[in-house]
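Engineer:
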Amino acid sequence: MVGGNNWDDLRYLLAVARHGSLSAAARVLGVNHSTVLRRVTALEQAMGAQLFDKLPGGYALTAAGEEMHRVAQKMEEDLAAANRLLSGRDTQIRGSLRVTTVDILTLYILPRHIAAFRRIHPDLRVDLMAAEASLSLTRREADVAIRATNRPPENLVGRAVSGLAFAAYGAACLLGQGPEAEDFDRHPWVGLDESFDHTNLARWMKRTVPASAIGYRVNSVAGLVEAVRAGVGLGLLPCGVVDRDPAFRRIGAPVPEADAKLWLLTHEDLRHMGRVRAFLDFMADALSRERDLLEGRCRTAD
């Protein structure tokens, strides 16, 4: 039977089940490997059943573990729902706000806006988490998500505040001058690895750039920006990040097939929370005023 004292142990079960190993669960929970093992073992002893099989590829739930996993997920969902409902009644703009977004926005776009936001609301700490994979707002892993997508999650509410355009760029030092500089075939390319295969960026690259022309691949768009800056090769980059940087030279117009919308998102239960509402309204105004830049209409003179 699962008592009130077992909920904390159930958090460890959920983490191991989601991430497949003790070490991965420990990183997510912010504890060491031995703590995860101890808490899972304690839960197995309390339940009188083995919950995981230790396999060469990691930890897998047993049949008893699957049953306990369903119970734990339901408890987590109920606690998160109660937490969201209570938080949604908080009208104060203080404390902390967890925001998840992608690396290019974390590094190049949001810092100046967050600085301006905190000048207005100095009692509110913003915790910004860069993650290509979406953190769960339902489980309160974050309060707000800022995402570049054409398909926002259906369980979240929000609005698109701008487009996000992409175009081909090279380092100014690599391209030089003259019309031949804009010939795709004359230069190597920097690509994104297979973790981006589902994106419009990767699809455009596969249709347009021969695999033999890609001499370097990275697993983040920020890494792509910096590789192109260094002169490794050409790349499909966000206009709003590089158009005002003289280190880059754009080749042609933005690529329509690669564009996305910039969404500000939260959970329905949190949309009226004071600090969430203040942050969303501020960012909507700030990013909307930068639409020309984000949508590729502020091109640096060649």
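If you're matching positions, the sequence shown starts at 896 in this note's numbering and goes up one per residue.
Beta carbons: idealized from backbone N, C-alpha and C, even for Gly.
These figures come from a predicted structure and were not determined experimentally.
The beta strand (DSSP E) with T936 in it runs from where to where?
Structural biologist: Where T936 is concerned, there is no enclosing beta strand (DSSP E), although the alpha helix (DSSP H) it sits in stretches over H928 to M942.
Engineer: Could you give the first and the last residue of the continuous alpha helix (DSSP H) run that contains M1100?
Structural biologist: N1095 to T1103
Engineer: Is the separation between the beta-carbon of D998 and that of S1115 shorter than 7 angstroms?
Structural biologist: yes
Engineer: By a C-beta neighbour count over all protein chains shown, 10 Å radius and 16 as the cutoff for buried, is C1068 buried or exposed?
Structural biologist: exposed
Engineer: Considering only residues of the region 1091–1158, which uninterrupted beta strand (DSSP E) runs meet the minimum length of 3 residues and lie entirely inside it, listed in chain order?
Structural biologist: 1109–1113, 1130–1133 and 1143–1146
Engineer: E1089 to L946, Cα distance in whole Å?
Structural biologist: 33 angstroms
Engineer: Among the candidates A1060, H1082 and K949, whose CA atom is the shortest distance from the CA of P1149?
Structural biologist: A1060
Engineer: Helix or strand or just coil, what does DSSP make of I1004?
Structural biologist: Here I1004 sits in helix by DSSP.
Engineer: A1153 and V1056 look like a contact to me (Cβ under 8 angstroms); what is the Cβ gap, rounded to whole Å?
Structural biologist: Your pair A1153 and V1056 does not check out as a contact, with CB atoms roughly 19 angstroms apart and the cut at 8 angstroms.
Engineer: In the DSSP assignment, the beta strand (DSSP E) including V1171 goes from what residue to what residue?
Structural biologist: No beta strand (DSSP E) holds V1171; the alpha helix (DSSP H) holding it covers G1169 to S1183.
Engineer: Can the beta-carbon of S988 be found less than 7 angstroms from the beta-carbon of A1173?
Structural biologist: A small correction: the amino acid at residue 988 is Ile; Ser does not occupy that position in the sequence shown. Yes, these two residues count as a Cβ contact at 7 angstroms.
Engineer: Evaluate A958 with the Cβ neighbour count: other Cβ atoms within 10 Å of its Cβ, from every protein chain shown; 16 or more gives buried, anything less gives exposed.
Structural biologist: exposed
Engineer: Using the C-alpha atoms, what's the distance from K1156 back to Y1064?
Structural biologist: 20 angstroms
Engineer: Counting along the chain, where does the beta strand (DSSP E) carrying V997 start and finish?
Structural biologist: The continuous stretches of beta strand (DSSP E) do not include V997, and DSSP gives it neither H nor E.
Engineer: Under a three-way DSSP split, which group does L1189 fall into?
Structural biologist: helix
Engineer: According to the neighbour-count rule (16 or more other Cβ atoms, all chains shown, within 10 Å of its Cβ), is L950 buried or exposed?
Structural biologist: exposed
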